[in-house]
Structures are given as C-alpha cells and as structure tokens.
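In my numbering, the protein residues as written are -12 to 52.
All C-beta atoms in this analysis are idealised placements derived from N, C-alpha and C, irrespective of residue type, glycine included.
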Amino acid sequence: MPTSVTTNQVINSTQTTPLTRSESLQHAAIFAFGALIIFAVGFAPMQIVHNAAHDTRHSISFPCH
C-alpha cells in the first residue's frame, strides 16, 4: 500500500520595527532610573539604603571599593 507523508514547513521570520520617539524616551528613562538606583543611592546617608545599593553593586560585579 502506498502511503503519503505530509510535512509542514515552519518558516521563522523576524521583522524589526524602528522604535518610536516615545519608546526611545521610555527606554532612556528606565535606564537612567536604574543607573540612579545602582550608583547614586550608594551615597545616601541612610545606612539601610546604602547597604542595599552596596550589595546590589557587588551582585553585578561592580567594583565599588
């Protein structure tokens, strides 16, 4: 008996779309906020906040002393 085999082809295509000005500003703001938390908060006078930022910097292998 003849048998037929059906194959399905899956074609993956990635389309890139340029970021809009609004999306670019959002990404920049998120980056700036993250950098502020990691770098600037380390100089905060509150000991708890300073220690949290210090530990975060160490966790991402940032040399801070």
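For PHE30, which residues in the same chain have their Cβ closer than 8 angstroms to its Cβ, ignoring the five residues on either side in sequence? What you label residue 30 is simply residue 43 of the sequence shown in a count that begins at 1. Excluding positions up to five away in sequence, the list reads HIS37.
What is the DSSP secondary structure of ALA31, counted as helix, strand or coil? Numbered from 1 along the sequence shown, position 44 holds the residue referred to as residue 31. If DSSP states are grouped into helix, strand and coil, ALA31 belongs with coil.
Nearest candidate by alpha-carbon position, reference SER46, set PRO32, PHE26 and LEU12: Within the sequence shown, numbered from 1, the residue matching residue 46 stands at position 59. Among PRO32, PHE26 and LEU12, the Cα nearest to that of SER46 belongs to PHE26.
Roughly how many angstroms lie between the CA atoms of THR34 and THR43, to the nearest whole one? Along the sequence shown, one-based indexing puts residue 34 at 47. Along the sequence shown, one-based indexing puts residue 43 at 56. According to the sequence provided, residue 34 is Gln. The question's Thr does not apply to it. Taking the straight line joining both Cα atoms gives about 14 angstroms.
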